[in-house]
Amino acid sequence: MPPAGMLFSYLQIPMIILVPMISAFIFGPGILSIGVPLVVIGLIIYKGVATPRSSLIVPTTWHGDRTGNSVNLSFDDGPDPDRTPRILEILREHGAHATFFVIGRHAIKHPELIRKMLEDGHEVANHSMDHPRTLNFAFHGRMLDQVSRGAETVMEMTDVEHEPLYRPPVGLRNPTLWRILRQRGCQIVTWSISSRDRHINDEQRYIERIIKRVQPGDIVMMHDGSDGPLSGPEITVRALPGLLQRLTGMGLECVTCSQLLGIRSADH
Ligand SMILES: [Zn+2]
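Following the numbering used here, the residues of the sequence shown are numbered contiguously, the last one being 273.
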């Protein structure tokens with residue numbers, strides 16, 4: 006990784022202040038010398054770091070083959086003792102497969118749910134060990150620790166040797182994370198459609214919003230758990246049967262993320 010990449014990782018926020026200041030110093034204070042660099046840096050950070058559908062700064066996967074008939078439903082922040090079993094039951098009833106991006110410390114508490122995911126043919130993937138929301142602004146050591154311990158927890162609990170897919174907390178990425186994942190031989194997966202299940206409370210609105218956008222190859226991001234003391238959003242459990250019915254009606258098959266991306270068969 007070139008030093009510029011490392012510099013970018015650690016200067017994401019200071020850059021918003023530093024670049025306009027340097028520009029003002031060189032060109033003199035004024036709306037153009039301060040405002041233009043501010044907007045440009047802001048856009049680069051927003052587009053490259055915070056937008057899930059962007060590889061501007063970090064190579065990121067957010068969808069699979071657009072010509073097939075498969076989509077992926079992915080559930081983040083679990084497993085959760087209340088929501089996850091209900092979601093697993095609904096998926097089983099509909100013959101659907103999904104990917105669970107689990108938080109390592111939750112997974113350790115609920116090995117029975119990880120076993121059930123595997124028994125039902127789902128994929129278990131890494132969503133970091135503790136889900137620190139500010140991980141993208143942490144130094145290399147902390148980031149490495151969160152990614153590695155999350156990955157090793159998943160590998161140990163699922164009894165597989167290959168690196169699980171990784172979804173960063175809140176979807177934020179930077180070049181330091183990319184370097185860590187490249188060294189581990191791991192792929193960053195975000196999503197093409199957010200269910201917005203922490204904001205939408207109406208089942209019909211929840212379903213229609215996804216159905217209006219969905220196309221083959223999409224990765225839909227939902228939550229079965231939470232990184233706080235509460236359970237995942239109840240709306241996801243309530244809306245899931247209707248959503249699966251509509252997806253089936255459209256001829257779309259729900260597969261694991263690795264299957265959608267053609268990385269490997271769902272062998273765990
Ligand atoms: Zn999350």
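In this text, a Cβ means the ideal position worked out from N, Cα and C, and glycines have one as well.
Cutting at 6 Å between CB atoms, please list the residues of its own chain near residue i, excluding the five before and the five after it.
i, result
"Pro-221", "Arg-71, Gly-73 and Asn-74"
"Leu-78", "Ala-103, Val-225 and Cys-259"
"Ser-28", "Ser-38 and Pro-42"
"Pro-57", "Trp-67, Gly-176, Thr-195 and Trp-196"
"Trp-183", "Val-63"
"Asn-141", "Leu-177 and Asn-179"
Per DSSP, what kind of secondary structure is residue i in: helix, strand or coil?
i, result
"Thr-89", "helix"
"Leu-182", "helix"
"Val-54", "helix"
"Ser-197", "coil"
"Ala-106", "What sits at residue 106 in the sequence shown is Phe, not Ala. Looking at Phe-106 - three-state DSSP - the assignment turns out to be strand."
"Glu-239", "helix"
"Phe-80", "strand"
"Cys-259", "strand"
"Ile-3", "The requested residue 3 is not part of the displayed model; the chain covers only 6 to 273."
"Glu-166", "coil"
"Asn-74", "coil"
"Asn-206", "coil"
"His-99", "coil"
"Thr-158", "helix"
Name the residue from the options whose alpha carbon lies nearest to the alpha carbon of residue i.
i, options, result
"Asp-202", "Ser-236, Ile-193 and Arg-251", "Ser-236"
"Phe-105", "Leu-123, Arg-251 and Ile-215", "Leu-123"
"Ser-200", "Ile-113, Asp-232, Ile-185 and Val-219", "Val-219"
"Arg-110", "Pro-238, Gly-233 and Gly-267", "Gly-233"
"Leu-265", "Gly-69, Val-159, Thr-253 and Met-160", "Gly-69"
Alpha carbon to alpha carbon, how far is residue i from residue j?
i, j, result
"Thr-89", "Val-194", "21 Å"
"Ile-212", "Met-20", "40 Å"
"Pro-25", "Met-148", "29 Å"
"His-136", "His-145", "16 Å"
"Gly-256", "Gly-40", "49 Å"
"Ala-101", "Asp-125", "9 Å"
"Asp-223", "Leu-186", "23 Å"
"Gly-33", "Ile-46", "19 Å"
"Arg-97", "Leu-248", "14 Å"
"Asp-272", "Pro-169", "Low per-residue confidence applies at Asp-272: pLDDT is 48, beneath 50, and the placement is therefore not dependable, though the value from the model is reported in the following sentence. Answer to the nearest angstrom: the Cα atoms are 11 Å apart."
"Gly-155", "Met-227", "19 Å"
"Gly-254", "Lys-217", "13 Å"
"Asp-229", "Gly-190", "27 Å"
"Ile-198", "Arg-138", "20 Å"
I'd like the list of long-range same chain contacts for residue i, defined as Cβ closer than 8 Å, with 5 residues on each side in sequence excluded.
i, result
"Glu-94", "none"
"Met-6", "Its pLDDT being 44, under 50, Met-6 is placed unreliably by the model, and the measurement read from it follows with that caveat. Once the five neighbours on either side are set aside, the close Cβ partners of Met-6 are Pro-180, Thr-181, Trp-183 and Arg-184."
"Ser-61", "In the sequence as presented, Ser is not what sits at residue 61; that position holds Leu. For Leu-61, where only same-chain residues beyond five positions count, the Cβ hits under 8 Å are Ile-49, Lys-52 and Gly-53."
Leaving out the 5 sequence neighbours to the left and right, which residues in its chain are closer than 7 Å to residue i when beta-carbon positions are compared?
i, result
"Leu-245", "Ile-92 and Ile-95"
Stretch pair the segment 167 to 187 + the segment 200 to 209: three plus CB contacts closer than 8 Å: When C-beta atoms of the segment 167 to 187 are compared with those of the segment 200 to 209, fewer than three pairs fall below 8 Å, so the two segments do not count as touching.
The segment 105 to 122 contacting the segment 80 to 89, beta-carbon criterion three pairs below 8 Å: Segments in contact, yes.
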